[in-house]
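Engineer: Quick note: the sequence shown, position 57, residue 64 per this note's numbering, numbers continuous.
Just passing along the structure, written as structure tokens.
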Amino acid sequence: MATGRTLEALRECILFAKEELGEGLISSDIYSDDGLPVVEGHNGNPKAAALFANITDYIRKAVVSSNFPNLGDYYMVNLEDDRLVIVLLTPQFQWKMLIDHRKIKLGYLFSIFFPEAIKRFKEAVNVV
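Spelled out as structure tokens, the structure:
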């Protein structure tokens, strides 16, 4: 389970996303691999968190049984209405973000924001 310092570092991840993505961030949740909320999200959706935890588990099993490499640091789902779900992964936690990519440039998301968000998320999980 997450310590107080880890929880604070995970909250900082949510704040980072809110500051960097502004109106482009529709919602954001950090939850355990079981889908249980870990920290208060931004416009959090606990039901979506639980469902995406199940989706992640299914994808992990599917790639293993297909003899594909394991999932990396994230996966994404492209939705209608210019929405994008990004799920960042660590062994214990997942960070789901629903993004309106009409309000944020994709180049910024992939070149600047996601590498920094992945770095911060991994560091937060490893805070003791």
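Positions of the beta carbon are idealized from the N, C-alpha and C atoms, including for glycine.
Can phenylalanine 59 and valine 94 be called in contact, C-beta distance under 7 angstroms?
Structural biologist: Your numbering for residue 59 matches position 52 in the sequence shown. Your numbering for residue 94 matches position 87 in the sequence shown. Yes, the Cβ-Cβ distance between phenylalanine 59 and valine 94 is below 7 angstroms.
Engineer: Just confirm the distance between the C-beta atoms of aspartate 36 and glutamine 99, as a whole number of angstroms; I'd bet it's less than 8 angstroms.
Structural biologist: Start at 1 with the first residue of the sequence shown, and residue 36 comes out as number 29. Start at 1 with the first residue of the sequence shown, and residue 99 comes out as number 92. Actually they are not in contact, since the Cβ atoms of aspartate 36 and glutamine 99 sit about 15 angstroms apart, beyond 8 angstroms.
Engineer: Can you give the Cα-Cα distance for glutamate 47 and valine 70, rounded to whole angstroms?
Structural biologist: Translated into the one-based positions of the sequence shown, residue 47 becomes position 40. Translated into the one-based positions of the sequence shown, residue 70 becomes position 63. One C-alpha to the other measures close to 31 angstroms.
Engineer: Would you kindly report the start and end of the unbroken alpha helix (DSSP H) that includes serine 72?
Structural biologist: Locating residue 72 in the sequence shown gives position 65, where the first residue counts as 1. That run of the alpha helix (DSSP H) goes 53-72.
Engineer: Helix or strand or just coil, what does DSSP make of isoleucine 111?
Structural biologist: Locating residue 111 in the sequence shown gives position 104, where the first residue counts as 1. Reduced to three states, the DSSP call for isoleucine 111 is coil.
Engineer: With distances taken Cα to Cα, identify the nearest neighbour of glycine 79 among Lys68, Thr97 and Glu87.
Structural biologist: Looking up residue 79 in the sequence shown gives position 72. It is Thr97 whose Cα lies nearest to the Cα of glycine 79.
Engineer: In whole angstroms, what is the alpha-carbon distance linking threonine 10 and leucine 43?
Structural biologist: Looking up residue 10 in the sequence shown gives position 3. Looking up residue 43 in the sequence shown gives position 36. Approximately 15 angstroms between the Cα atoms of the pair.
Engineer: In angstroms, rounded to a whole number, what distance separates the CA positions of histidine 108 and leucine 91?
Structural biologist: To locate residue 108, count along the sequence shown from 1; it is residue 101. To locate residue 91, count along the sequence shown from 1; it is residue 84. Between histidine 108 and leucine 91, the C-alpha separation is close to 7 angstroms.
Engineer: Out of Ile119, Lys112 and Lys54, point me to the one whose CA is closest to glycine 31's CA.
Structural biologist: Your numbering for residue 31 matches position 24 in the sequence shown. Answer by Cα proximity: Lys112.
Engineer: Using a threshold of 7 angstroms, state whether the C-beta atoms of tyrosine 38 and alanine 16 are closer than that.
Structural biologist: As a first step, residue 38 must be located in the sequence shown, where it is residue number 31. As a first step, residue 16 must be located in the sequence shown, where it is residue number 9. Their beta carbons are not under 7 angstroms apart, which means tyrosine 38 does not touch alanine 16 by this criterion.
Engineer: Could you tell me the boundaries of the alpha helix (DSSP H) in which glutamate 30 lies?
Structural biologist: As a first step, residue 30 is located in the sequence shown; it is residue number 23 there, counting from the start. Premise fails: glutamate 30 is in no alpha helix (DSSP H) and is neither H nor E.
Engineer: Specify the secondary structure class of valine 132 as computed by DSSP and reduced to three states.
Structural biologist: In the sequence shown, counting from the first residue as 1, residue 132 sits at position 125. Helix.
Engineer: For leucine 86, is the classification buried or exposed, using 16 other Cβ atoms within 10 angstroms of its Cβ as the cut-off for buried?
Structural biologist: Counting from one through the sequence shown, the residue named residue 86 turns up at place 79. Counting Cβ neighbours within 10 Å, leucine 86 comes out exposed, since fewer than 16 surround it.
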